[in-house]
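Throughout the sequence shown, residue numbering follows the UniProt record's numbering, covering 1 to 81 in sequence. Only one structure is covered here, and it is reproduced in the block below.
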Amino acid sequence: MSKYEKFLVDYIIEKNGIDINSININNNMFEQGYIDSLGIFTLFVLIEEEFDIDMSLDDVANFNIKTIKQLAQFIQSKSVL
C-alpha cells in the first residue's frame, strides 16, 4: 500500500469508524459510503496540507475519481509536479 493509499484509508477508517478489512481500495468510495460529495472537499484540504500540493479549481471541477486507488494515483501525480 502506498503512503497515499494509507493516508486515505486511515482517513476513511477514522471518519467512518469502520474496520480496515472492510475497505477495498478498488471499490467506488462514494457508492460504498466511505465519503460523500461534501466530504470530498474536506478531504481535498487535508490532502493539500498533508502532501503540500495545490489542487486547482480545474482539478475539483473535473474530478472524476471514484476509488481510493485512483485518488492515491492522482495525489502522487500532483506530488511529482
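Note that the Cβ used here is the ideal one computed from N, Cα and C, for glycine as well.
> N26 and T67 look like a contact to me (Cβ under 8 angstroms); what is the Cβ gap, rounded to whole Å?
Replying inline: Taking the first residue of the sequence shown as 1, we reach residue 26 at position 26. Taking the first residue of the sequence shown as 1, we reach residue 67 at position 67. Yes, N26 and T67 are in contact; Cβ-Cβ is about 6 angstroms, under 8 angstroms.
> Bridge partners of N26, per DSSP?
Replying inline: Residue mapping note: residue 26 aligns to position 26 of the sequence shown, counting from 1. Answer is none; N26 lacks a bridge partner.
> What's the gap between the Cα of T42 and the Cα of A72?
Replying inline: For the purposes of this step, residue 42 is taken as the residue at position 42 of the sequence shown. For the purposes of this step, residue 72 is taken as the residue at position 72 of the sequence shown. Taking the straight line from one Cα to the other gives about 16 angstroms.
> Is the CB of N16 under 8 angstroms away from at least one CB in chain C?
Replying inline: In the structure shown, chain C does not exist; there is a single protein chain.
> Tell me the DSSP bridge mates of T67?
Replying inline: Position 67 of the sequence shown, counted from the first residue, corresponds to residue 67. Per DSSP, N28.
>> Output needed for I13: all residues of its chain with C-beta closer than 8 angstroms, excluding positions within five of it in sequence on either side, in chain order.
In response: In the sequence shown, counting from the first residue as 1, residue 13 sits at position 13. The residues are D19, I20, I23.
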